[in-house]
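One structure is given below, encoded as structure tokens.
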Amino acid sequence: MFKKLTLGQYTHKDSIIHKLDPRIKIIAVIALSALAFLMGSYYKFAIFSSFIFLLIILSRIHFSHLLRNIRPFFFIFLFILLMYIFFSRNELYQGVRTIWKFILFIIIASILTFTTTITNMVTAIETLLKPLKIININSKTIALLIALTIRFIPSLFLYVDRIKDARLARLGNLKKPRHIKLFFLPLLERVFKSASNLSDAMLSRNYTDKRITYFNAIKLKYYDYISFILLIIFIVFILVI
-9 MFKKLTLGQY
1 THKDSIIHKL
11 DPRIKIIAVI
21 ALSALAFLMG
31 SYYKFAIFSS
41 FIFLLIILSR
51 IHFSHLLRNI
61 RPFFFIFLFI
71 LLMYIFFSRN
81 ELYQGVRTIW
91 KFILFIIIAS
101 ILTFTTTITN
111 MVTAIETLLK
121 PLKIININSK
131 TIALLIALTI
141 RFIPSLFLYV
151 DRIKDARLAR
161 LGNLKKPRHI
171 KLFFLPLLER
181 VFKSASNLSD
191 AMLSRNYTDK
201 RITYFNAIKL
211 KYYDYISFIL
221 LIIFIVFILV
231 I
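This note's numbering puts the first residue of the sequence shown at -9, with every later residue one more than the last.
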């Protein structure tokens, strides 16, 4: 089920979205995600969905990749829909709208991870969180944790599929409660082993959060300012209409 999941994976393309400053993209993701859950009318939804569709085209992401990220959540969406059918049939449209909001959120997050390398993401998050130094919060550590969490998502799902296939090949029945531990124990072992390998790799390279330099420093360019202004105009337009 998760073998073809691409959420959290960077895909190299020569697109305007790839070239944008990662700080602008992160701010856009946060703003657009919040806007998706604030919208109420179908008219606004149509305009917002068209805008997201335009971003997909500009980022040159294959729709098949986006569908792979949405597919694992199919049963969650089905559960939400059934809840509305059985308990609030008169508000079925509300269930459809809720599902579409989550789909838009997944697409927006996918655009960010598809078009931003982990190095740029760490640098951008660290820069955005620098004001937290006032209250003695290390922005470098938080940025690294967030970026690694995002990038570990595909690996985690891959481990799940491999262990599930191995259990089924041995005629294991994952539906039985006593077999669940035989599934989760190897999964936890893989996760901790991956974390240990990552820790060893960072230590071997003398990683420290005290003095970090970057090979390519991120700088705002003219198209970043234009994109940010267009984003603000779009958000204001959606809120006003």
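Each residue gets a CB set at the ideal place from its N, CA and C atoms; glycine is no exception.
Across the set Gln84, Asn110, Tyr149, Phe27, the C-alpha of Tyr149 shows the shortest separation from the C-alpha of Glu179. Using a Cβ-Cβ distance cut-off of 8 Å, the region 29 to 41 and the region 139 to 146 are not in contact, since fewer than three pairs of beta carbons, one from each stretch, lie closer than that value.
Apart from sequence neighbours up to five positions away, the residues of its chain that approach Ile14 with a beta-carbon distance below 7 Å are Asp214, Ser217, Phe218, ordered along the chain. Note that the C-beta distance between Ile115 and Ile16 is below 8 Å. Between Leu146 and Asp11 the beta-carbon gap is near 29 Å, outside 8 Å, which marks them as no contact.
DSSP places Asn128 outside both helix and strand once states are collapsed to three, so it counts as coil. Between the region 94 to 102 and the region 16 to 30, the count of Cβ pairs shorter than 8 Å is three or higher; the stretches touch. Gly30 is classed as exposed because its beta carbon has fewer than 16 other beta carbons within 10 Å across all chains shown. In the structure shown, the three-state DSSP call for Met29 is coil.
Collapsing the DSSP output to three states places Tyr149 in a helix. Taking all protein chains shown into account, Ser49 has 16 or more neighbouring C-beta atoms within 10 Å of its C-beta and is therefore buried. Of the residues assessed, Thr131 falls on the exposed side of the cut-off, its CB having fewer than 16 other CB atoms within 10 angstroms. Note on Val226: under 16 other CB atoms within 10 angstroms of its CB, so exposed under the neighbour-count rule.
When the Cα atoms are used, Lys154 and Ile60 turn out to be separated by approximately 20 Å.
For Tyr213, the uninterrupted alpha helix (DSSP H) segment begins and ends at 212 to 230. With a 10 Å radius around the Cβ and a threshold of 16 neighbouring Cβ atoms, Ala24 comes out exposed.
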